[in-house]
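Residue numbers (full-length UniProt numbering): 1 to 341. See below for the structure under consideration.
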């Protein structure tokens, strides 16, 4: 495998740092960090360039906060300047290198794939009913906090040989335990940690229907026994990465629809998949219904505002079998504006 060098000067160039600043601020123009940085914007960029040029950059301390939806997680946050700008500068250069190592079965945080890309591929796979009769669904226990720094550094070095870039990445990796949820770089580190596992699944184990979103993994097969044997091999492979499964994994038959009692749906990337039907996950549906109910009580809301405030849920609902749900919860006078246009 060819390793790539001479990357550091590209990362720290003023042109790349300015581009990173533009990317990092998207959707955050009113945030305190951006406004503070903008008081001395060009001077800050030059100062960051000089720090990196002199190999004097030091990671800023993290602040943390907890979120509770969709589940409780500790989120790490870095200052906009200099850290978040630097992370974007790094990925401007490294993203095409790392993405080229990912198989087509990886969907998290990759341009052109994402949740809806995974959803479309799973739906397409389930048309092959004979070879998708059974499902193995697994996820890694405390994936981000469990990532071993030494192993991650070894994985990073499989594609990159630029010493200064590696030293900079090592500094970021070692800035806290595991890989912090919330960092721009963390999502790429997490994907990279399992990238060669993906290749092993496809090229050594020869699994035709495999899908991974972060550490959530789905395997489909015509054989229950094949998936049970695969699970044992997966556990052994992940042990070499010092990762463990949650312990709730099992092989189950996929139902034809939600009314089919001879199997069950596959819950993955916010949807529940059946061979003949795709529905929104129960938790997302509940939040959608609550949001719509709150808006339905308002007499002063326009169709445009109604649609805008429910826009993210419409994104889920429009790509699956949700016609009855939408007709039930959407205010009748807004149905045509929100759904049919």
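For every residue, glycine included, the Cβ atom is placed at its ideal position computed from N, Cα and C.
Strand pairing of residue i, partner residues [DSSP]
{"i": "residue 73", "result": "67"}
{"i": "residue 267", "result": "272"}
{"i": "residue 45", "result": "DSSP output for residue 45 lists no bridge partner at all."}
{"i": "residue 358", "result": "Lying before the first or after the last residue shown, residue 358 is absent from the chain, which here runs from 1 to 341."}
{"i": "residue 160", "result": "4"}
{"i": "residue 335", "result": "DSSP, once it has assigned bridges, lists no residue as partnering residue 335."}
{"i": "residue 36", "result": "According to DSSP, which records beta bridges pairwise, residue 36 is partnered with nothing at all."}
{"i": "residue 245", "result": "140"}
Endpoints, the beta strand (DSSP E) within which residue i is located
{"i": "residue 319", "result": "Per DSSP, residue 319 belongs to no beta strand (DSSP E) and is neither H nor E."}
{"i": "residue 135", "result": "134-139"}
{"i": "residue 218", "result": "216-221"}
{"i": "residue 253", "result": "250-253"}
{"i": "residue 240", "result": "Careful: residue 240 lies outside any beta strand (DSSP E), inside the alpha helix (DSSP H) at 224-240."}
{"i": "residue 342", "result": "Because the chain spans 1 through 341 in this model, residue 342 falls outside it and cannot be assessed."}
Straight-line gap, residue i to residue j (C-alpha atoms, nearest Å)
{"i": "residue 307", "j": "residue 107", "result": "28 Å"}
{"i": "residue 112", "j": "residue 118", "result": "10 Å"}
{"i": "residue 45", "j": "residue 228", "result": "54 Å"}
{"i": "residue 284", "j": "residue 270", "result": "7 Å"}
{"i": "residue 10", "j": "residue 16", "result": "7 Å"}
{"i": "residue 316", "j": "residue 280", "result": "7 Å"}
{"i": "residue 92", "j": "residue 20", "result": "7 Å"}
{"i": "residue 74", "j": "residue 264", "result": "32 Å"}
{"i": "residue 295", "j": "residue 312", "result": "15 Å"}
{"i": "residue 86", "j": "residue 221", "result": "43 Å"}
{"i": "residue 274", "j": "residue 259", "result": "10 Å"}
{"i": "residue 287", "j": "residue 335", "result": "19 Å"}
{"i": "residue 57", "j": "residue 51", "result": "5 Å"}
{"i": "residue 204", "j": "residue 176", "result": "34 Å"}
{"i": "residue 63", "j": "residue 180", "result": "11 Å"}
{"i": "residue 292", "j": "residue 116", "result": "22 Å"}
{"i": "residue 53", "j": "residue 128", "result": "55 Å"}
{"i": "residue 130", "j": "residue 224", "result": "12 Å"}
{"i": "residue 145", "j": "residue 337", "result": "44 Å"}
{"i": "residue 190", "j": "residue 240", "result": "16 Å"}
CB contact check: residue i to chain C, cutoff 8 Å
{"i": "residue 73", "result": "Protein chains in the displayed structure number just one, and chain C is not present."}
Extent of the continuous alpha helix (DSSP H) run through residue i
{"i": "residue 107", "result": "Run containing residue 107: none; DSSP gives neither H nor E here."}
{"i": "residue 184", "result": "184-193"}
{"i": "residue 213", "result": "Premise fails: residue 213 lies in the beta strand (DSSP E), 209-213, not in any alpha helix (DSSP H)."}
{"i": "residue 128", "result": "Unbroken run through residue 128: none, as it is neither H nor E."}
{"i": "residue 57", "result": "Unbroken run through residue 57: none, as it is neither H nor E."}
{"i": "residue 323", "result": "323-329"}
{"i": "residue 18", "result": "14-24"}
{"i": "residue 305", "result": "303-309"}
Nonlocal neighbours in the same chain, by C-beta distance under 6 Å from residue i, ignoring five residues either side
{"i": "residue 138", "result": "217, 245, 249"}
{"i": "residue 276", "result": "256, 257"}
{"i": "residue 88", "result": "20, 23, 24"}
{"i": "residue 35", "result": "none"}
Same chain only: Cβ atoms within 8 Å of residue i, ignoring 5 sequence neighbours per side
{"i": "residue 18", "result": "45"}
{"i": "residue 162", "result": "4, 5, 6, 7, 8"}
{"i": "residue 155", "result": "192, 193, 195, 196"}
{"i": "residue 67", "result": "73, 75"}
{"i": "residue 188", "result": "91, 94, 95, 98, 109"}
{"i": "residue 254", "result": "126, 132, 133, 134, 135, 220, 263, 264, 265, 266, 273, 274, 275"}
Own chain, CB closer than 7 Å to residue i, minus 5 neighbours either side, in chain order
{"i": "residue 172", "result": "59, 185"}
{"i": "residue 346", "result": "A question about residue 346 goes unanswered here, because the residues of the chain that appear run from 1 up to 341."}
{"i": "residue 110", "result": "99, 102"}
{"i": "residue 149", "result": "173, 174"}
{"i": "residue 321", "result": "277, 278, 279"}
{"i": "residue 153", "result": "170, 173"}
> Taking contact to mean at least 3 C-beta pairs separated by less than 8 Å, is the segment 244-253 in contact with the segment 25-34?
Replying inline: no
> Is the segment 73-87 touching the segment 166-186, taking contact as three or more C-beta pairs under 8 Å?
Replying inline: yes
> Is the segment 205-215 in contact with the segment 155-168, if contact means three or more CB pairs nearer than 8 Å?
Replying inline: no
>> I'd like to know if the segment 185-204 and the segment 121-138 are in contact, where contact means that at least 3 CB-CB pairs between them fall below 8 Å.
In response: no
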